[in-house]
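Before any comments, here is the structure.
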Amino acid sequence: MDTVFALRYDGGVIIAADQANARSILVYQDNLDKIVPLSSHSMMGVSGPNSDLVNFSDYVKANIALYELSNNGSTLTTEAQANFVRGTLATALRKGPYQVNILLGGYDVKTDKNGLYFMDYMACMHPVNFGVQGHASNFCLSIFDRDWKEGLTEEQGIAIIEKCINELKIRFLIAQTNFIIKTVDKKGVRTVSFGSDPADT
Amino acid sequence: MASSGSGYDLSSSTFSPDGRIFQVEYAAKAVENGGTTLGIRCSDGILLCSEKPLVAGRMAVPASGRRVHALSSYAGAAVTGFLPDGRQVVARGREEAAGYLDSFGAPIPPTVLAERLGSYVHYFTLHGALRPFGASTLMAGYDTAEKRHSLHMVDPSGMSYEYYAAAAGRGRQSAKTELEKLPLQPGGAGVTLERGLVILAKILHMLFEEGRDKPFVIEMGWMGVRTGWKFSAVPDGLVKAAEVEAKKELEDEEGEDDEGEEMEE
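Sequences listed follow chains A and B, in order. For reference, each letter of the first sequence is one residue, going 1 to 201 in our numbering. For reference, each letter of the second sequence is one residue, going 1001 to 1265 in our numbering.
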């Protein structure tokens, strides 16, 4: 069961996810990167079956790149990207739904604003200050509720994320040893840390 | 005038030996016959203005036959030339803006909308069975993400440029001469919307020749700081007031010219 969680801080967004690729009792892979960069200044943490995770995020990522190519380098805001992703989920919903739950975060350089959007597999969408997808929400939302406030620094944000990871390691039934953490700010998308290097093939 | 097409001008899918598509050029001629339409990018907004000759006669309601249209909350257009063609471009512009809002949850950036209109108009220059649009479209837009307003013009070939000021239709040559005098370029003082109303009314009245031209009504649309960047028709009262001010300034300027002549004697 995937864990994806995220929060907004002053000047950017942090998204973290576990790195397990598993089905039933078997772990296929322990270094999967579930946080997909969509553009230079946005990324999307995705939870769900690996087939939909890859298929859906490839499709969305390619279309966002196509927009920039077709419109002379003009970029989409985080809000516009989130609406596009939600629209894709909604259109597919009553045909062949994507079983993905998403946290999409980005930083708009043009307006100096960050944005974090929670989307579930039924194509609901809502801007949030923080969010968690999966069973982990039972453990992590209360930590966010208590510790999140407007105007956090990146360091404070990472500290809250680490707190959540620790809580999961102690209290969550499913052992999730590896977590990958990424931030996006005005400089772009950056990997802060990972449990196991996704580049290891 | 223009060189004879002699057989290469029958279809828009035919180039002439000297590399021209005559049908597109003829479409541009249709625009040149249309009422003068002006656009100006002011420091605090965009103004679109159209001269509407009262060709439909005295029995037509003057407010009908609109040339200035809103495309969406933050975009508007003024058309000139073959007006039913212009109406179609406006309809397409509205669809593009609504479709973009549907897909991306945000107003369409003006640069994207102008490109889309350009592509649409261009399409009609490639298909043998279709004829090009005989209309030029001046487009005003506000980019809510970048907080930037811009003026564009799409011509019958499908080309679109961004402009500091633009003119199309009958009086465009003289209008361009007047518009070029304004300090609209980067580094210039710029022109306010309020001043722009008078300037554009002045240009239209300056171009009017009693006897040659039909009496006309001015249609204006704007967007700017004062409208919250939403595009709307300029209220009638303001248009009338601008015309009064414009005529007064024109008379004063003529008076100065006369004075000059007197002094020379």
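By construction, the Cβ of each residue, glycine as well, lies at the ideal position given by its N, Cα and C atoms. For clarity, every value in this text was computed on a predicted model and none was experimentally measured.
Check: For A:Leu89 and A:Gln81, I'd like the C-alpha separation in whole angstroms.; Outcome: 12 Å
Check: Pick helix, strand or coil for B:Gly1224, following the three-state DSSP scheme.; Outcome: strand
Check: Identify the contact partners of A:Gly87 in chain B, using a Cβ-Cβ distance below 9 Å as the criterion.; Outcome: Asp1102, Ser1103, Phe1104, Gly1105
Check: Is the Cβ of B:Glu1025 closer than 8 Å to any Cβ of chain A?; Outcome: no
Check: Helix, strand or coil for A:Asn101? Go by DSSP, reduced to three states.; Outcome: strand
Check: State the start and end residues of the unbroken alpha helix (DSSP H) segment that holds A:Cys164.; Outcome: 154–171
Check: Can you tell me which of the three DSSP states B:Lys1147 falls into?; Outcome: coil
Check: Output the residue ranges of the alpha helix (DSSP H) runs that lie fully inside the segment 76–158 of chain A and measure 4 residues or longer, sorted by chain position.; Outcome: 78–93, 137–147
Check: Compare the Cα-Cα distances from B:Asp1044 to each of B:Pro1084, B:Gly1076, B:Met1223 and report the closest residue.; Outcome: B:Met1223
Check: Whole angstroms are fine: how far does the CA of B:Asp1143 sit from the CA of B:Gly1237?; Outcome: 29 Å
Check: For B:Met1220 and B:Ile1199, what's the separation of their Cα atoms in angstroms?; Outcome: 12 Å
Check: Residues in its own chain within less than 8 Å of A:Leu32 by CB, not counting five upstream and five downstream?; Outcome: Gln19, Ala20, Asn21, Asn50, Pro198
Check: Quick one: is A:Ala80 near chain B, going by C-beta distance under 8 Å?; Outcome: yes
Check: What residues from the segment 56–78 of chain A come within 8 Å of chain B, judged by C-beta to C-beta, listed N to C?; Outcome: Asn71, Asn72, Ser74, Leu76, Thr77
Check: If you draw a straight line from the C-alpha of B:Ala1166 to the C-alpha of B:Ile1040, how long is it?; Outcome: 6 Å
Check: With respect to the alpha helix (DSSP H) encompassing B:Gly1196, which residues constitute its N-terminal and C-terminal limits?; Outcome: 1193–1207
Check: In or out: B:Phe1015 buried (at least 16 other Cβ within 10 Å) or exposed?; Outcome: exposed
Check: Out of B:Glu1254, B:Ser1103, B:Ser1012, B:Arg1148, which has the shortest C-alpha to C-alpha gap to B:Glu1025?; Outcome: B:Ser1012
Check: For A:Tyr9, does the count of other Cβ atoms within 10 angstroms reach 16, so buried, or fall short, so exposed?; Outcome: buried
Check: Decide if the segment 1094–1108 of chain B is in contact with the segment 1153–1165 of chain B; the criterion is three or more beta carbon pairs, one per stretch, under 8 Å apart.; Outcome: no
Check: Given a cut-off of 8 Å on the beta-carbon distance, is the pair A:Phe172 and A:Trp148 in contact?; Outcome: no
Check: In whole angstroms, what is the alpha-carbon distance linking B:Ser981 and B:Asn1033?; Outcome: The question about residue 981 of chain B has no answer here: the residues shown for chain B are numbered 1001 through 1265.
Check: Which residues bound the beta strand (DSSP E) around A:Tyr28?; Outcome: 26–29
Check: Buried or exposed, going by whether 16 or more other CB atoms sit within 10 Å of the CB of B:Glu1251?; Outcome: exposed
Check: Rounded to a whole number of angstroms, what is the C-alpha to C-alpha distance between A:Ser39 and B:Glu1254?; Outcome: 59 Å
Check: Going by the DSSP bridge assignment, what does B:Ala1078 pair with across the sheet?; Outcome: B:Val1068, B:Leu1138
Check: Cα separation between A:Ile102 and A:Asp2?; Outcome: 11 Å
Check: Looking at C-alpha atoms only, which residue of B:Ala1030, B:Val1112, B:Pro1183 is the closest neighbour of B:Ala1075?; Outcome: B:Val1112
Check: Hey, would you say A:Ile14 sits closer than 8 Å to A:Ile180, going by beta carbons?; Outcome: no
Check: Just mark B:Leu1010 as buried or exposed, buried being the case when its beta carbon has 16 or more other beta carbons within 10 Å.; Outcome: exposed
Check: Below 8 Å between beta carbons: does that hold for A:Gly11 and A:Lys182?; Outcome: no
Check: Along the segment 1177–1200 of chain B, where does the CB come closer than 9 Å to a CB of chain A? Name the residues.; Outcome: none
Check: Starting from B:Ala1145, find everything on chain A with Cβ-Cβ shorter than 9 Å and list it in chain order.; Outcome: Thr75, Leu76, Thr77, Glu79, Ala80, Asp108, Lys110, Thr111
Check: Just the Cα atoms here: how many angstroms apart are A:Gly157 and B:Arg1148?; Outcome: 33 Å
Check: At the level of alpha carbons, what is the spacing between A:Leu66 and A:Val60?; Outcome: 10 Å
Check: Kindly indicate the opening and closing residues of the beta strand (DSSP E) around B:Gly1045.; Outcome: 1045–1053
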